[in-house]
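Worksheet: one structure, shown below.
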Amino acid sequence: MKIIITILAIALILVAVALLFSIRRIRELEIGFKKADHTDKMTGLLNRDGFMEQGELALKAAQSRGEPMFLIVFDVEELGRINTFFGTDVGDEVVKAFAFAAKAAVIKGGISGRVNTDDFAVLVPCSGNAEADEVTNVFMDAVMSCFDNDTLRENVNFFAGVCEFDGHDDIYTMYNKASLCLFAKESDRRVSFFTREMEDSMVEKELLRSEMLAALETGQFELYYQPKISFKTGEIRGLEALIRWHHPTKGFVPPSEFIPLAEKSGIITKIDEWGLFTACRQSKTWQDNGMRPVKISVNMSQSQFYRTDVYSTISAALAETRLDPKWLEVEVTETMAMQDIDRTISVLNKLRELGVSVSMDDFGSGYSSLSSLKTIPLDILKIDRSLVCDLDENKVSKQITNAIVELGKAMELVVLAEGVETRGQIDFLTEIGCDLAQGYFYSKPRPAKDIESLLMPLIS
Ligand code: C2E
Ligand code: CA
Ligand code: CA
């Protein structure tokens, strides 16, 4: 009996030990799993959840010590474009370079993490804005030190949003504020510090954004048309469609106020699509009513050009409205065309094959290389208003304008001067052989019904 009891006791002890071990193993696995769950696989940095958890603890510690802390969010600029054009291997290399820089930034203390696919965050003790700014410089140097070729150095950039710990905010609030800086960035500055005004203006912008969506649905947008006039004959050779917003309470809102925001918030592609269909439909209606047909031009935003299938949209607009492609022109700005010259060439070639004309808008305001210009398929060169408005008194503007007209002629393009307002400008532009003029001297942009009288009916 004694032996049996001893054996049973030993067996019980063995079972208990085994149980203890397996519980410990499960705990270990759980901890390991939790850790893995908080780690970004590619970079080994904390992921979003991990960063937030550790960040909250770090803030509490800083609060009790009265230590100043800064949260900096680094947004890799156009990682998607890098992946598309250079391949995902290169994209991964860029991500790893940012991870390296994020680790380097907290070498003296703080925490770092990859909080989104293309966002890195560091929470660091800094004495003030100047030191936080310095952290971003060190960060950039560390990113660049990872690349062994100039192509990557030239194509990789980031924006940083910075938020100082006010002693009360939790990590999520700070993160939202730093992210707001990224969204609110208005200048070309790489680093932007959170301010109360920024928050207020963001609320206003958010309101404007939803108002723009409502405006599309309720027909508050209207296209005005500005004539393009031949210097030689004084005839209308084309019309540029320019959007106008009749806001229910604010009244008239100029495009300079809402187009940049529409561009930032992604609504511009919807607005441009509306503008394209409306302009094509209007042009066809005029023709069907027996008016003299003229080319109608529409402005294309950077987002529409690079982020949508413009060729399909334009083909669809032409098919739906039954407008002959030869009466449609698209305006792309110089700065936009030069962003990605290969894509520009391929898209514009397809549009021209379709029979649509292409003009380069705002020419002379950007920094295009003239050698690239000759490779871009174009029909019309539009000289920027900033040059034209100076013609009466600025000799250099005259010389540049003359050179642009000569360049256009050499490339067999039609050259148009934008913003023509005075007789003096007309005399000079006619003398140097500029083909077309657009400007207040002839006509401001006008609603469709006012344009009709200018498009003389065809006499059959
Ligand atoms: P833009 O494409 O360069 O259009 C020419 C602008 O110059 C128009 O301003 C026009 O009203 C103005 N303008 C024309 N002649 C004169 C002149 O003699 N003197 C002066 N001071 N200004 C003149 P608007 O209509 O305010 O449009 C501003 C910009 O907004 C346009 O510049 C274009 O970039 C953008 N935009 C307008 N409509 C659309 C649209 O439907 N889609 C897109 N993506 N952008 C648009
Ligand atoms: Ca234009
Ligand atoms: Ca222009």
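In this text, residue positions in the sequence shown follow our numbering: the first is 200, and each later residue adds one. Virtual Cβ for every residue (Gly too), placed ideally from N, Cα, C. For clarity, every value in this text was computed on a predicted model and none was experimentally measured.
Is Q425 near ligand 1, with its Cβ less than 7 Å from a heavy atom? yes
Tell me which same chain residues have a C-beta within less than 7 Å of the C-beta of L653, skipping the five on either side of it? P426 and I435
Is it true that the CB of A616 sits closer than 8 Å to the CB of C633? yes
Roughly how far, in whole angstroms, is the beta-carbon of F457 from the beta-carbon of M401, given that I think they are within contact range, below 8 Å? That pair is no contact at about 16 Å.
Distance check for D291 and E333, CA to CA, integer angstroms please. 26 Å
Report yes if the C-beta of E592 is less than 7 Å from at least one heavy atom of ligand 3; otherwise report no. no
Among the candidates D248, D539, D583 and D288, whose CA atom is the shortest distance from the CA of L635? D583
As a quick exercise: from C325, A440 and F319, pick the residue whose alpha carbon is nearest that of M339. F319
Please identify the residue among F392, V305 and N375 whose C-alpha is closest to the C-alpha of A329. F392
Is it the case that the region 280-296 contacts the region 359-368, given that we only count it when at least three CB pairs across the two stretches are under 8 Å? no
To which residues does DSSP link V595 through a beta bridge? Per DSSP, none; premise fails for V595.
How would the residue list near ligand 2 read, in chain order, if you kept each one whose beta-carbon is closer than 6 Å to any heavy atom? E439, N498, E530 and D560
Does ligand 1 have a heavy atom nearer than 7 Å to the CB of V289? no
Beta-carbon contacts of P646 that lie in its chain and below 7 Å, excluding the five residues immediately before and after: E421 and Y423
Distance check for V294 and Q624, CA to CA, integer angstroms please. 52 Å
Nearest candidate by alpha-carbon position, reference Q538, set S502, Y641, A602 and V337: S502
If you draw a straight line from the alpha carbon of Q637 to that of T448, how long is it in whole angstroms? 31 Å
To which residues of the same chain is N354 closer than 7 Å at the C-beta, ignoring the five residues directly before and after it? I281
Residue range of the beta strand (DSSP E) that I428 falls in? F420 to S429
W444 - containing beta strand (DSSP E), residue span: I435 to H446
To which residues of the same chain is A296 closer than 6 Å at the C-beta, ignoring the five residues directly before and after it? V342 and C345
Please state the DSSP three-state secondary structure of S545. helix
Compare the Cα-Cα distances from A515 to each of N488, E252 and V555 and report the closest residue. V555
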